[in-house]
Amino acid sequence: MTIELFLQTVVNATYAASYMALIAVGFVLIFGVMGVVNFAHGELYMAGAYTVVALYADQGFPFFLAVAVGLVFVGLLGLLMELALFQPLRDNPLGGLIASIGFLLILQTIAVLGFGVRMENVPPSTQDKLVLLDGAVLTYQRLYVIVAAVGLLTALWLFLRKSKFGWALRACAQDREAAVLQGMSINQTARLAMFIGAALAGVAGALTAPLVSPTPFMGHSVIVTAFIIIIVGGLGSLEGAVLVAILYAFVHTFVTTLYDGTLANIVGLLLMLAVLVVRPTGLFGAKERA
Amino acid sequence: MPKPETNTKTLWVLGFVLLAVVLIMLPYLLSFSQQEILVLLMINVLLVSSYRLLTLTGEWSLAHAVIMGVGAYSSALAAKQLGLPVPVSMLMGAAAAGFLAFLLSFPLLRMKGFYFLIGSFAAGEIIRLTWKWSDLTFLFGGPKGIKRIPPFPDILSIDFYEPVNYYYLCLIVVAVSLLILYRVERSRIGLTFHAIHWQDKLAESVGVNTFRYRMLAFVISAFFAGLAGGLYAHYVGAVAPNRFDVEEMVYILIWAIVGGTATFYGPIIGVVALTILNEVILRSFGVDEMRPMFYGAILIISILFLPNGLGSLLPKIKEWFAGRRDKSAMAEQPAQ
């Protein structure tokens, strides 16, 4: 491996880590607060990407406006899921997961009916790029993703630490019943968590749309990645999710570059299975939830 | 009251005879393409019933589609590469699926609930990606899978390439399998599965080795899923990794949940009802690409409004009829 290829792979892995972290943190937030495994998380990501396809590639609106609309739109989709599905099914332990599978199929079909099954080609919003030393290249398109991930995740972290809502969210994630006993509204907190979690997936999809050629089925690989990160990082641990997203992105990108993509996926899944067997609470999980 | 009991027994026997007659006559009432769907429906009935056996212990697996694929791939390879006769290779495929479940139960059955769900998903995906892996293309055929799988041989000059004849073959295999699954559920073993589902700590405290029983449920369920895979592989003649992906798994889940796993017949009602709806409504209106949305909506509606599945409707209907009969019987009695 030449130094140039090595540097380029590091750059690629940093980009992959950024969007994986955005997706995984939202997924963990939803699971932590509501105890629901949102199987449709990959399709929320897909919905974000298709917002950019519709507004930016088809209608010619500015790229960042389309991304902003994608963030809000997918956040509202999450809110819809919470109100229509997760709230009525709060007492059914597998109910939320099953309902989210139904929602996933509906979102997928809407994308197929609206845009067709073929790959969408989204032109890049900018041709500029940074050339790092030794010739490794970082396009601005990828830089946006990295900047957005760092910015949004820092904002989320401050929100969770400093604001009253953030405290309520964390309290619900730690112990739902105790939080309710303290007078917090579980439904209100869940709506907030669902909006934030979905919006993070949406913005990841919107920003990566020019880089990945969206298809209606792009959510599949995303949900697998999210599973791996959430399990290895520990259910309900946001910091764990970010750290493991970085770790997994580097492992996956390097194995893909050195060997091939299928092997990289197998390695990721084996890693997850090993963690499940040896330490089911994950590397950063505090304790097992009942 | 001994009399009503014999009545219900004769009713059951009559019902089964009627069902058998309908199942035997059915292919002659259908078109060629509908006969082909009927064969796949029979295979899916076996698949979803085998899945239910595992859910008896309270575990929901996401590897069942892949385990069916293990049966399909093993049977196809045994027939094609080793040249074994197809009926033998099918049984070998089923045994391979069962053996794989035995091996997988060591890591997977250390987990429960959500962890088992995700763990089984990971294990299934690893197997599926191994089929896809380019370095093993010489064996599994990569993403394109295995083609030109030998068909079921003619027996007594019955041509099993014909969907009608293959349907009868499936009917016999599935009927025998369902009988075995039913007997297992009604045996001591099946009762222990129920005990593990509802009171695993209590079951352990009275000396039940829960790990062994969960393993047994996993292995039996995998064996019949593998058998379904073998029936599928030698009928369609080709298998590919994507045939056994998450989406197929989702359909198995939908059949089981819409039908309801509380009863033996629930998942069967689920798969039959959804297949009929699918074929009649979607295909006849030519909106085949809406199929996932249709399934998704049905899944959401049934989990919201009918969480115990279609199977839970049957006792209610029975009660309703019984209630009416009681009322009319009461009305007939002269008021005193």
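Here the protein sequences line up with chains A and B, keeping their order. The first sequence begins at 1480 in the numbering used here and counts up one residue at a time. The second sequence begins at 2 in the numbering used here and counts up one residue at a time. Cβ coordinates follow ideal geometry from the N, Cα and C atoms, glycine included. Because the structure is a prediction, the values reported are computed rather than measured.
Residue environment, residue i, which counts as buried when at least 16 other CB atoms sit within 10 Å
i       : result
B:P164  : buried
B:V1    : Outside the displayed range of chain B (2 to 337) lies residue 1 of chain B, so it cannot be described from this structure.
A:T1732 : buried
A:S1642 : exposed
B:M26   : exposed
B:G29   : First, the residue type needs correcting, since residue 29 of chain B is Tyr and not Gly in the sequence shown. Exposed: under 16 other Cβ atoms inside 10 Å.
A:T1633 : exposed
B:W132  : buried
A:M1480 : exposed
B:F141  : buried
A:M1598 : exposed
B:E60   : buried
A:E1767 : Here A:E1767 scores only 45 on pLDDT, less than 50, and its place in the model is too uncertain to base an answer on.
B:A336  : Because B:A336 carries a pLDDT of 46, less than 50, the predicted location of this residue cannot be relied on, and no value is offered for it.
B:M2    : Residue confidence for B:M2 is low, a pLDDT of 47 falling below 50, so the modelled location carries little weight and cannot support an answer.
B:P242  : buried
A:Y1738 : exposed
B:W134  : buried
B:S206  : exposed
Proximity of residue i and residue j at Cβ, strictly below 8 Å
i       : j       : result
A:A1503 : A:A1688 : no
B:Y52   : B:S222  : yes
A:V1490 : A:A1683 : no
A:I1625 : A:T1493 : yes
A:T1530 : A:A1545 : yes
A:L1583 : A:G1575 : no
B:L63   : B:S106  : no
A:A1557 : A:L1523 : Residue 1557 of chain A is actually Gly in this sequence, not Ala. Going by C-beta atoms, A:G1557 is nearer than 8 Å to A:L1523.
B:F219  : B:L41   : no
A:T1605 : A:Q1587 : no
B:L275  : B:I304  : no
A:A1628 : A:L1501 : yes
A:N1421 : A:S1579 : In the structure displayed, chain A extends from 1480 to 1769; residue 1421 of chain A sits before or after that span and is not available.
A:V1553 : A:G1681 : yes
B:G297  : A:I1585 : yes
B:A229  : B:M93   : no
B:L57   : B:G191  : yes
B:A77   : B:I150  : yes
A:M1751 : A:I1710 : yes
A:G1712 : A:F1763 : yes
A:M1499 : A:P1693 : no
A:A1685 : A:T1668 : no
B:R184  : B:I197  : no
B:G261  : B:I269  : no
A:A1672 : A:V1512 : yes
A:I1535 : A:V1601 : The displayed chain sequence assigns Tyr, not Ile, to residue 1535 of chain A. Result yes, Cβ atoms of A:Y1535 and A:V1601 sit closer than 8 Å.
B:L47   : B:E186  : no
B:S50   : B:L217  : no
A:I1707 : A:Y1727 : yes
A:L1755 : B:M112  : yes
B:F224  : B:L182  : no
beta-carbon residue i near the ligand COA non-hydrogen atom, thresh 7 Å
i      : result
B:L314 : Looking at this structure, you won't find the ligand COA or any other ligand, since it has none at all.
Residue i - DSSP class collapsed to helix/strand/coil
i       : result
A:L1617 : strand
A:V1610 : strand
A:V1515 : coil
B:V207  : coil
B:T150  : The sequence shown places Ile at residue 150 of chain B, not Thr. B:I150: coil per DSSP, three-state reduction.
B:V240  : strand
A:E1767 : With a pLDDT of 45 at A:E1767, under the threshold of 50, the predicted position of this residue should be treated as unreliable, and no value is reported.
A:I1482 : helix
Inter-residue CB distance, residue i and residue j (contact presumed, cutoff 8 Å)
i       : j       : result
B:V240  : B:A73   : 5 Å
B:Y162  : B:P152  : 6 Å
B:I127  : A:L1748 : 5 Å
A:G1715 : A:F1540 : The Cβ separation is near 38 Å, so there is no contact.
A:F1565 : A:G1676 : That belief does not hold up - the Cβ atoms of A:F1565 and A:G1676 are roughly 11 Å apart, past 8 Å.
A:H1699 : B:V237  : Rounded, the Cβ-Cβ distance is 23 Å, inconsistent with contact.
B:I147  : B:K81   : 7 Å
A:D1570 : A:E1483 : Their Cβ separation, rounded to whole angstroms, is 57 Å, which puts A:D1570 and A:E1483 out of contact at 8 Å.
Quiz item: Can we say the stretch 65-79 of chain B touches the stretch 232-246 of chain B, given the rule of at least three CB pairs closer than 8 Å?
Solution: yes
Exercise. Could you tell me whether the stretch 83-101 of chain B touches the stretch 262-274 of chain B, where touching means 3 or more Cβ pairs closer than 8 Å?
Key: no
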